[in-house]
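Have a look at the structure below before the remarks.
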Amino acid sequence: MSSFDESKHPRNRGKFTAVSHREPEAALTTGFDARYWGLPESRPGSWVFGTSRYAETAAGSVVDGPLSRGVAGKDSLDSFRRWQDAAAGYGTAEGDDFAAGLEDGLRALCRSDGSESAAELLDTAASVPTTETARVNWMLGLKAAPTTAGYRGRLAAGVILSGSDQWWGISNDPDLAINGPAQDIPRARGAWASLAG
0 MSSFDESKHP RNRGKFTAVS HREPEAALTT GFDARYWGLP ESRPGSWVFG TSRYAETAAG
60 SVVDGPLSRG VAGKDSLDSF RRWQDAAAGY GTAEGDDFAA GLEDGLRALC RSDGSESAAE
120 LLDTAASVPT TETARVNWML GLKAAPTTAG YRGRLAAGVI LSGSDQWWGI SNDPDLAING
180 PAQDIPRARG AWASLAG
């Protein structure tokens with residue numbers, strides 16, 4: 000027995016049905032769908048931090064991507080904490096600069112004046128969406144980063160909080176993300192800095 004389709008009834012012929020053209024709600028806890036945000040289905044072959052062209056695309060995906068539609072998901076916040084711990088545990092100036100860049104990026108995206116701790120900001124990021132102004136200021140601040148490791152950290156903050164860190168490939172090689180390409184020699188920190196070449 001077939002079910003009756005009310006829309007095919009003669010009294011409904013010629014009538015328009017309502018079609019919703021609004022964007023679907025973004026649930027940042029369900030992962031990152033690159034196609035929805037206007038990115039290719041698979042990421043570029045080059046590493047995101049390797050060239051300025053891809054870094055600009057990554058920054059643009061943060062400004063116009065998932066953070067523009069919702070708050071950072073629990074997985075993204077946990078990932079951010081892991082990245083912070085990993086960067087701080089490197090024992091190099093690059094690790095320290097990367098961690099500072101992560102925190103700087105978080106502060107910019109959360110519109111912080113600097114009085115809150117990073118842990119408080121992460122709690123805020125779970126409940127308060129970023130503003131367009133904050134995301135644009137975060138992106139503009141990339142060029143003002145004092146070091147390349149700080150630049151990578153600030154960029155990583157946005158990419159991680161938007162949930163696209165795996166798509167962009169920075170999670171594949173944390174050493175590369177934190178310390179940079181092999182041609183860069185990690186700088187010594189602290190008392191050893193004066194002895195470095």
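Under numbering that gives the first Met the number 0, think of the first position of the sequence shown as 0, with each following residue one higher. From the three backbone atoms N, C-alpha and C, an ideal C-beta is built for every residue, glycine too. Just so you know, these numbers come straight off a predicted model, no measurement behind them.
Apart from the 5 residues on each side of it in sequence, Pro-173 sits with its Cβ closer than 7 Å to the Cβ of Ala-85 in its chain, given in chain order. Excluding sequence positions up to five before and after Asp-103, its CB lies within less than 6 Å of the CB of Arg-153, all in the same chain and listed in chain order. For Asn-136, the enclosing alpha helix (DSSP H) starts and ends at 131-140. Counted as a single uninterrupted DSSP element, the stretch harbouring Pro-128 is not any alpha helix (DSSP H), since DSSP gives it neither H nor E. At least 8 Å separates the beta-carbon of Leu-160 from that of Phe-97. In this structure, Val-70 keeps its C-beta atom at 8 Å or more from the C-beta atom of Arg-134.
Take Ser-111, set aside five residues on each side of it, and the residues of its chain with a beta-carbon closer than 7 Å to its own are Leu-120, in chain order. Assigned with DSSP and collapsed to three states, Arg-68 falls in coil, not helix or strand. Per DSSP, the unbroken alpha helix (DSSP H) holding Ser-75 starts and ends at 73-87.
By the neighbour-count definition (other C-beta atoms within 10 Å, threshold 16), Leu-105 is a buried residue. The alpha carbon of Ile-177 has as its nearest neighbour, out of Thr-123, Tyr-89 and Val-127, the alpha carbon of Tyr-89. One Cα belongs to Ala-107, the other to Met-138, and the distance between them is close to 9 Å.
Under the three-state reduction of DSSP, Gly-113 is assigned to coil, being neither helix nor strand. Less than 8 Å divides the Cβ of Gly-100 from the Cβ of Tyr-150.
Relative to the Cα of Ala-118, the nearest Cα in the group Ala-144, Leu-76 and Thr-91 belongs to Leu-76. The criterion of a C-beta distance shorter than 8 Å is satisfied by Gly-179 and Thr-147. Check the Cα spacing between Thr-56 and each of Asn-171, Leu-175 and Gly-157: the tightest is with Gly-157.
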